[in-house]
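Trainee: Remember, this note's numbering sits 595 above the position in the sequence shown when you count from 1.
To start, I am sharing the structure in question, which I have written as structure tokens.
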Amino acid sequence: MTTTDGRVGLDPIDVRFRAGEAYEIRVRDHRLLADQPVDAGGADTAPSPTELFAASLAACVAFYAGRYLSRHGHDRAGLVVTASFDLATDRPARVAAIRITVRPPTDLPPDKWPALRAVASHCTVHNTLLHTPQIEVDIQ
């Protein structure tokens with residue numbers, strides 16, 4: 596779908612209150628949950644929004660890495676992408692650092708790792724973080 600200003604847009608993502616600090620996220624026909632840890636007032640029934648943010652980056656890196664593996668005749672089985680992050684200690688509240696580790700399948704020779712790193716580090720989510728999008732919050 597193309598927006599009125601020429602950008603390509605996707606279906607909206609809706610987030611609705613469930614209970615306590617939990618929210619249901621609706622993406623097309625999919626349902627996800629977000630909650631807060633107990634020490635932040637939640638019931639820890641699902642990942643926090645910040646954890647989902649880091650998970651989104653890790654999943655995007657995994658997708659791009661998987662595509663690279665397939666294009667070069669390697670099996671995706673065994674591919675593992677791990678994300679960890681640090682929160683800033685000052686204000687505003689934000690993620691200060693994210694570390695992504697890609698563990699390729701054992702059949703990928705080490706001389707192919709730099710190319711895999713180059714492809715994986717240019718996924719859509721990573722590119723978005725490097726080129727901050729315009730964010731607009733409206734109340735209707």
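Glycine included, C-beta positions come from ideal geometry on N, C-alpha and C.
Bear in mind the structure is a predicted one, so any value in this text is a computation, not a measurement.
Drop a sphere of 10 angstroms on the beta-carbon of VAL633, count the other beta-carbons inside from all chains shown, and report buried for 16 or more, exposed for fewer.
Mentor: So VAL633 ends up on the exposed side.
Trainee: On a Cα-Cα basis, can you pick out the residue from ILE693, GLY673 and ALA672 that is closest to LEU682?
Mentor: ILE693
Trainee: I need the DSSP call for GLU646, collapsed to helix, strand or coil.
Mentor: helix
Trainee: Report the three-state DSSP secondary structure of VAL610 (helix, strand or coil).
Mentor: If DSSP states are grouped into helix, strand and coil, VAL610 belongs with the strands.
Trainee: Could you tell me whether the Cβ atoms of ALA629 and LEU605 are closer together than 8 Å?
Mentor: Cβ distance not < 8 Å, so ALA629 and LEU605 don't count as in contact.
Trainee: Could you please give me the residues that DSSP links to SER679 through a beta bridge?
Mentor: Per the DSSP secondary-structure output, SER679 pairs in a beta bridge with ARG694.
Trainee: SER643: which of ALA617, SER716 and GLN729 sits nearest, CA to CA?
Mentor: ALA617
Trainee: Please say whether ILE695 and ALA653 have beta carbons closer to each other than 8 Å?
Mentor: Contact check for ALA653 against ILE695 passes: the beta carbons are separated by less than 8 Å.
Trainee: Rounded to whole angstroms, what's the CA-CA distance from LEU724 to ALA614? Just pull it up for me.
Mentor: 31 Å
Trainee: When burial is assigned at 16 or more other CB atoms within 10 Å of the CB, is VAL773 buried or exposed?
Mentor: Any property of residue 773 remains undetermined from this structure, which presents the chain solely from 596 to 735.
Trainee: Apart from the five residues just before and just after ARG626, which ones in its own chain have a Cβ nearer than 8 Å to its Cβ?
Mentor: Cβ contact annotation for ARG626 (same chain, cutoff 8 Å, sequence separation greater than five): GLU619 and ILE620, in chain order.
Trainee: Do the CB positions of ALA690 and VAL676 come within less than 8 Å of each other?
Mentor: Note on identity: in this sequence residue 690 is Val, with Ala being the wrong assignment. For VAL690 and VAL676, no; Cβs fall outside 8 Å.
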